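Line by line, the protein sequences give chains B and D.
When we follow numbering that gives the first Met the number 0, the leftmost residue of the first sequence carries the number 0, and every step to the right adds one.
When we follow numbering that gives the first Met the number 0, the leftmost residue of the second sequence carries the number 0, and every step to the right adds one.
Everything on this sheet refers to the single structure shown next.
2 protein chains.
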Amino acid sequence: MSTRRGPSGRLYGVILAGGRGTRFWPRSRRNNPKQLMKLWGKSSLLRQTVDRLRPMIPSRDIWVFTNRNLVREVCRQLPDVPRAQIIAEPVQRNTAPCIGLAAELIAARDPDAVLGVFPSDHLIRKPAAFHRVLRLAAKQARLGKIVVLGVSPRWPETGYGYVEFARRPALAPLRALPVKRFREKPSLAVARRYLKTQRFFWNSGMFFWKASVIREALQRHLPRTAATLAAIRAKVSGPGGAPWKRLPGVLAELFPACENISVDYAVLEKASQVVGIPCDFGWNDLGTWSAVYDLLPHDDRQNALYSETLLIGSSGLLVDVPGKLVAAVGLEDLVVVETKDALLIVRRDQTQQISRVVSQLEKARREELL
Amino acid sequence: MSTRRGPSGRLYGVILAGGRGTRFWPRSRRNNPKQLMKLWGKSSLLRQTVDRLRPMIPSRDIWVFTNRNLVREVCRQLPDVPRAQIIAEPVQRNTAPCIGLAAELIAARDPDAVLGVFPSDHLIRKPAAFHRVLRLAAKQARLGKIVVLGVSPRWPETGYGYVEFARRPALAPLRALPVKRFREKPSLAVARRYLKTQRFFWNSGMFFWKASVIREALQRHLPRTAATLAAIRAKVSGPGGAPWKRLPGVLAELFPACENISVDYAVLEKASQVVGIPCDFGWNDLGTWSAVYDLLPHDDRQNALYSETLLIGSSGLLVDVPGKLVAAVGLEDLVVVETKDALLIVRRDQTQQISRVVSQLEKARREELL
Numbered sequence: 000m001s002t003r004r005g006p007s008g009r010l011y012g013v014i015l016a017g018g019r020g021t022r023f024w025p026r027s028r029r030n031n032p033k034q035l036m037k038l039w040g041k042s043s044l045l046r047q048t049v050d051r052l053r054p055m056i057p058s059r060d061i062w063v064f065t066n067r068n069l070v071r072e073v074c075r076q077l078p079d080v081p082r083a084q085i086i087a088e089p090v091q092r093n094t095a096p097c098i099g100l101a102a103e104l105i106a107a108r109d110p111d112a113v114l115g116v117f118p119s120d121h122l123i124r125k126p127a128a129f130h131r132v133l134r135l136a137a138k139q140a141r142l143g144k145i146v147v148l149g150v151s152p153r154w155p156e157t158g159y160g161y162v163e164f165a166r167r168p169a170l171a172p173l174r175a176l177p178v179k180r181f182r183e184k185p186s187l188a189v190a191r192r193y194l195k196t197q198r199f200f201w202n203s204g205m206f207f208w209k210a211s212v213i214r215e216a217l218q219r220h221l222p223r224t225a226a227t228l229a230a231i232r233a234k235v236s237g238p239g240g241a242p243w244k245r246l247p248g249v250l251a252e253l254f255p256a257c258e259n260i261s262v263d264y265a266v267l268e269k270a271s272q273v274v275g276i277p278c279d280f281g282w283n284d285l286g287t288w289s290a291v292y293d294l295l296p297h298d299d300r301q302n303a304l305y306s307e308t309l310l311i312g313s314s315g316l317l318v319d320v321p322g323k324l325v326a327a328v329g330l331e332d333l334v335v336v337e338t339k340d341a342l343l344i345v346r347r348d349q350t351q352q353i354s355r356v357v358s359q360l361e362k363a364r365r366e367e368l369l
Numbered sequence: 000m001s002t003r004r005g006p007s008g009r010l011y012g013v014i015l016a017g018g019r020g021t022r023f024w025p026r027s028r029r030n031n032p033k034q035l036m037k038l039w040g041k042s043s044l045l046r047q048t049v050d051r052l053r054p055m056i057p058s059r060d061i062w063v064f065t066n067r068n069l070v071r072e073v074c075r076q077l078p079d080v081p082r083a084q085i086i087a088e089p090v091q092r093n094t095a096p097c098i099g100l101a102a103e104l105i106a107a108r109d110p111d112a113v114l115g116v117f118p119s120d121h122l123i124r125k126p127a128a129f130h131r132v133l134r135l136a137a138k139q140a141r142l143g144k145i146v147v148l149g150v151s152p153r154w155p156e157t158g159y160g161y162v163e164f165a166r167r168p169a170l171a172p173l174r175a176l177p178v179k180r181f182r183e184k185p186s187l188a189v190a191r192r193y194l195k196t197q198r199f200f201w202n203s204g205m206f207f208w209k210a211s212v213i214r215e216a217l218q219r220h221l222p223r224t225a226a227t228l229a230a231i232r233a234k235v236s237g238p239g240g241a242p243w244k245r246l247p248g249v250l251a252e253l254f255p256a257c258e259n260i261s262v263d264y265a266v267l268e269k270a271s272q273v274v275g276i277p278c279d280f281g282w283n284d285l286g287t288w289s290a291v292y293d294l295l296p297h298d299d300r301q302n303a304l305y306s307e308t309l310l311i312g313s314s315g316l317l318v319d320v321p322g323k324l325v326a327a328v329g330l331e332d333l334v335v336v337e338t339k340d341a342l343l344i345v346r347r348d349q350t351q352q353i354s355r356v357v358s359q360l361e362k363a364r365r366e367e368l369l
C-alpha cells in the first residue's frame with residue numbers, strides 16, 4: 000500500500016448487519032434475519048460478505064454494525080473479526096447514524112481512514128469484477144469524493160433507489176462519473192423509462208468515503224446527530240482505561256438521541272462531490288424468495304427442490320420443507336417453505352407480499368412467529 | 000317385527016370395513032384408512048355407518064368385515080358390536096367372498112337371515128330418507144329378491160358403476176324396479192349420455208338379500224368359492240366347543256382359496272331376480288379430498304380451513320395442517336394437508352391423482368409413508 004501512488008488512507012470495511020429481513024419469513028425471523036441465514040448449505044450472506052472483502056480488506060479492518068438481538072450470532076459467525084469491532088446498536092436509527100458512528104470510532108484510531116460501507120445481505124456473483132470496482136472506489140474516496148456503486152439495471156425494478164448520470168455511461172473501462180441525482184424507488188412506469196434511457200443505475204447501497212468526509216457531511220446536513228456521535232466518541236476514546244468496554248453503556252445512553260434517517264436521504268442527495276461507478280458484478284439483493292428461486296439451479300421442469308419432493312404434473316416450484324415428504328400434484332410456480340412452527344405457500348410472482356404476512360403477525364402480537 | 004305382514008326374516012347389517020382408502024393420503028394410511036378417520040371432529044365414517052343403521056338394525060345384529068391390520072381399531076370404535084361379529088380377513092379377496100362368508104356365518108345362527116351390505120366409508124346426509132329406503136329394501140329381500148340401491152346421479156361421474164333401468168324411474172313414491180343391466184365405470188362421454196337419459200343410477204354398493212339367496216347365487220356363479228365358504232362354516236359351526244374362537248385359524252387356512260372378485264361382477268351382473276330402488280338420501284362416497292371440500296362449510300372466499308391460516312389473496316382452499324400457522328399468498332383452489340411425516344399440496348381438480356402418489360411410494364418401498 001505504501002508504494003501506491005496518490006493519496007493514502009487505509010480502507011476499512013463497514014458492514015451493516017442489523018437488518019430484520021422479514022421478506023424471507025418464515026425462514027427468517029427477528030433472531031435469524033436474512034443476513035445470518037444459510038441458504039441451502041452455503042455460508043451465511045454475512046459470512047460471504049466478509050469473505051468477499053478479505054482479499055482487499057483483512058478481517059482486522061472490518062467493523063460490523065448490528066443490534067443486540069443478533070450480536071451473539073454475528074460474533075459466532077465472524078470469529079476472525081475483532082470482538083471490539085462488532086457493535087450492537089441499542090436501537091434502530093437507520094443508516095446515517097450508524098455510518099456516522101463507524102466514522103467516529105474508526106477515525107479515533109486512524110484519522111486517515113477510508114470507509115467502504117457494505118450491506119450484509121446481498122449476493123455478488125462476480126467477485127473479481129467486484130474487486131476491480133472496489134479498487135477504483137477506494138482511490139476515488141481517497142481523493143475526497145463520496146463514491147456510490149451503481150449497478151447496471153437488468154429490469155425495471157420498483158424496489159430499489161436509482162443513481163442518475165447526466166449521460167449514458169459505459170461499463171468499460173471502469174470509471175467514476177459525477178452523479179446527477181439520486182432517485183427514490185420509482186413507480187413501474189418511471190422505472191421502465193429509467194431502464195430505457197440507460198442513464199439510471201440501481202443504487203447498490205455500497206458507499207466509499209473518508210471518515211473525515213462523512214463527519215463533515217453529517218456536521219453540515221445532520222448537526223444534531225453529528226454532535227451526538229462526537230460525544231459518544233469523546234466518552235470512549237478519552238483517558239480512563241479500557242475505554243472500548245464502556246461503549247455499550249455509552250451507546251445505550253446517547254445513541255437513541257440520533258435522528259432516524261438513511262444516509263441516502265440525509266447526505267447523499269444533498270452532497271455535491273458525489274461520484275458513481277457504473278458497474279456490473281452479478282449483484283443481487285435477494286429481496287424475495289422469488290429472487291432466490293431465480294438464482295438456484297433448476298431441474299428440467301424448472302423446480303428448485305431442497306427437500307424430498309414427489310412431483311406429479313408440477314413445475315416452477317421452490318420447495319424447502321425439512322424432514323418430511325412433500326407431494327405436489329398439479330402445481331405451478333409456487334414457493335413452499337416450512338419451519339417448525341409455520342408453513343408458507345406463496346405464488347412465485349407474489350413473494351413481495353410476504354411483508355404483509357409479517358405485519359399481520361405483528362399486529363396480532365404473535366411474537367413467537369416473528 | 001312379528002306383527003309385520005308378509006314374509007319374515009331378521010335384517011342383519013354386514014359392514015365392509017377392509018378398504019385401504021389411499022385417496023386420503025397423507026391423512027389416510029394402511030393402518031388408518033378412510034373409514035376409520037375422523038373428518039374434523041365428527042366420529043369416524045365407520046362409527047357413523049353403525050349409528051345410522053341402529054334405528055333399524057341393533058348393534059347385536061351388525062357384522063363387520065375388516066382385515067388384520069385394522070381389526071383392533073375397529074373393535075375400539077365399535078364396542079357395542081359383539082367381538083365375535085368383527086371378522087378379520089386374512090387376505091383381501093374383494094367383496095364376493097366376504098359377502099358369501101357373511102351369509103354362511105350368519106345363516107349358521109339364523110337360517111332366515113336377511114342381509115344388508117353396507118360400505119363403511121360413505122356419507123349419507125338424509126338419514127330419514129335412508130331409513131325409508133332400508134325398509135323397502137328389506138321387504139323386497141324377504142321376497143327373495145336381490146336388491147341394489149341406485150343413487151340418483153348428480154353429475155356424469157366416471158368413478159362409479161351404474162344401475163340401468165328399462166324406463167326412466169320416478170324417485171317418489173319409493174319403488175323397487177327390475178334392473179335392466181349393471182354397467183361398469185363409464186367414460187366421460189358415456190357418463191354424460193347416462194345422465195341425460197335419466198335411466199342410469201349410481202351403484203351405491205349397498206345390497207340386500209336373504210342369506211340363502213346369496214348362497215345359492217354363489218353356488219351357481221362361483222362354485223369354488225361357495226364350496227370353500229361352506230367348508231369354513233362347517234369347521235366353525237360343528238360340535239367341539241367354542242367354535243367361534245376357531246374362526247381366525249380356519250380363515251387363515253381356507254379363506255385364501257376364495258376367488259378374488261367383486262360381488263357385482265361375480266353375481267349381480269349375472270343374476271335375474273335383481274331389483275333396484277332409485278333413491279336419493281344425500282349419498283356421497285367421499286372419494287377424494289375434493290369431494291370432502293365440497294361438503295364442508297366455506298368462508299366467504301370459499302375456503303374450508305381446519306387449522307390456523309393467514310390468507311392473503313387466496314380462495315378455494317382446503318387447509319388442514321395441525322399445529323402450525325399456514326400463510327397462503329395468492330393461492331387458488333388447492334388442498335393442503337399435512338401430517339407428521341408428509342405434506343400434500345394438490346390442485347383441487349386433481350385430487351384423484353393422489354393414488355399416483357401412493358403407488359409411487361409403494362414402488363419406492365416407502366413403507367413408513369403408506
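Ideal placement from N, C-alpha and C gives every residue a C-beta, glycine not left out.
Predicted model only: the values in this text are computed from it and were never measured.
Which of the three DSSP states is assigned to Met0 of chain D in this structure? Residue confidence is low: Met0 of chain D scores 45 on pLDDT, short of 50, so the model does not pin down where it sits. Its coordinate-derived value is still stated next. Three-state result, Met0 of chain D: coil.
Quick one: is Lys323 of chain B near chain D, going by C-beta distance under 8 Å? yes
Keeping to the same chain, check which residues put their C-beta closer than 7 Å to that of Val146 of chain B; ignore five residues upstream and five downstream. So the qualifying residues of the chain are Ala136, Gln139, Ala140, Ala175, Phe206, Phe207, Trp208, Val274, Ile276.
Closer than 8 Å is the cut-off here; do at least three beta carbon pairs connect the segment 40-54 of chain D with the segment 114-134 of chain D? Below 8 Å, enough C-beta pairs join the segment 40-54 of chain D and the segment 114-134 of chain D to call them touching: three or more.
Quick one: using the 10 Å Cβ neighbour count with 16 as the cut-off for buried, is Thr196 of chain D buried or exposed? exposed
Could you please tell me which residues of the segment 285-305 of chain D, in chain order, have their CB closer than 7 Å to any CB of chain B? Within the segment 285-305 of chain D, contact with chain B at the beta-carbon level (separation under 7 Å) is assigned to no residue.
Check this for me: beta carbons of Ala95 of chain D and Ala265 of chain D, under 8 Å apart or not? Cβ atoms of Ala95 of chain D and Ala265 of chain D: closer than 8 Å.
Looking only at its chain, what residues have a beta carbon closer than 6 Å to the beta carbon of Ser289 of chain D, apart from the 5 residues adjacent to it on each side? Same-chain partners within the cutoff: Arg347, Thr350.
One or two residues paired with Phe199 of chain B in a DSSP bridge: B:Glu163
Compute the Euclidean distance between the alpha carbons of Cys278 of chain B and Leu170 of chain B, then round it to the nearest angstrom. 6 Å
Residues of the segment 340-353 of chain B with Cβ closer than 8 Å to any Cβ of chain D, in chain order: Cβ contacts with chain D come from Asp340, Ala341, Leu342, Leu343, Ile344, Val345, Arg346, Asp348, Gln349, Thr350, Gln352, Ile353.
Please list the partners that Arg364 of chain B has in chain D, where partner means a Cβ-to-Cβ separation under 7 Å. Near Arg364 of chain B there are no residues of chain D at all, since even the closest Cβ is about 13 Å away, more than 7 Å.
Along the alpha helix (DSSP H) that carries Glu380 of chain B, what are the first and last residues, could you check? Residue 380 of chain B cannot be examined here, being either before or after the span of chain B that is shown, 0 to 369.
Expected contact under 8 Å - CB spacing of Gln272 of chain D and Lys144 of chain D to nearest Å: 5 Å
Does the segment 153-162 of chain B touch the segment 173-189 of chain B, meaning 3 or more C-beta pairs lie closer than 8 Å? yes
Between Glu258 of chain B and Cys97 of chain B, what straight-line distance do the alpha-carbon atoms span, to the nearest angstrom? 10 Å
Among D:Asn283, D:Asp263, D:Arg223, the one whose alpha carbon lies nearest that of Ile256 of chain D: Sequence check: residue 256 of chain D is Ala here, not Ile. Out of D:Asn283, D:Asp263, D:Arg223, D:Arg223 has the C-alpha closest to the C-alpha of Ala256 of chain D.
So, under 8 Å CB-CB, Ser119 of chain B and Ile260 of chain B are touching, yes? Tell me the CB distance rounded to an integer number of Å. At roughly 20 Å, the Cβ-Cβ gap does not stay under 8 Å, so Ser119 of chain B and Ile260 of chain B are not in contact.
At the 8 Å Cβ level, is Leu369 of chain D part of the contact set with chain B, yes or no? Not an interface residue.
Please classify Lys33 of chain B as buried or exposed, where buried requires at least 16 other C-beta atoms within 10 Å of its C-beta. buried
DSSP beta-bridge partners of Ala341 of chain D: B:Leu324
Going by other Cβ atoms of all chains shown within 10 Å of its Cβ, with 16 needed for buried, is Leu69 of chain B buried or exposed? buried
Confirm, please, whether the CB-CB distance from Gln359 of chain D to Leu309 of chain B is below 8 Å. Going by C-beta atoms, Leu309 of chain B is nearer than 8 Å to Gln359 of chain D.
Hey, Ala106 of chain D and Ala210 of chain D are a contact pair by Cβ (cut 8 Å); roughly how many whole angstroms apart? 4 Å
If I measure Cβ to Cβ from Ile123 of chain B and keep anything under 7 Å in the same chain, skipping five residues before and after, which residues do I get? Arg51, Phe129, Phe280, Gly281, Trp282
Pick from D:Leu250, D:Ala216, D:Arg28, D:Val212: whose alpha carbon is nearest that of Pro230 of chain D? Per the sequence presented here, residue 230 of chain D reads as Ala, with Pro not at that position. Taking only the C-alpha atoms, the option nearest Ala230 of chain D is D:Leu250.
Using the C-alpha atoms, what's the distance from Ser306 of chain D back to Val63 of chain D? If I take the Cα positions, the gap works out to 33 Å.
I believe Phe428 of chain D touches Pro126 of chain D by the beta-carbon criterion, under 8 Å. Please report the beta-carbon distance rounded to the nearest angstrom. An answer regarding residue 428 of chain D cannot be provided, because it is not within the stretch 0 to 369 covered by chain D.
For a contact meaning CB atoms closer than 7 Å, what does Arg355 of chain B contact in chain D? Ile311
In chain D, what lies closer than 8 Å to Leu330 of chain B by C-beta? Residues of chain D passing the Cβ test: Leu333, Ile344, Val345, Arg346.
8 Å is my cut-off, CB to CB: does Gln359 of chain B come that close to chain D? yes
Exposed or buried, what is Pro25 of chain B when buried is set at 16 or more other beta-carbons lying within 10 Å of its beta-carbon? buried
DSSP three-state assignment for Gly99 of chain D, whether helix, strand or coil: helix
Around the Cβ of Pro6 of chain D, are there at least 16 other Cβ atoms within 10 angstroms (buried) or fewer (exposed)? exposed
How big is the Cα-Cα spacing for Ile311 of chain B and Pro296 of chain B? 20 Å
Name the DSSP beta bridge partners of Phe129 of chain B, please? For Phe129 of chain B, which the question treats as bridged, DSSP gives no partner whatsoever.
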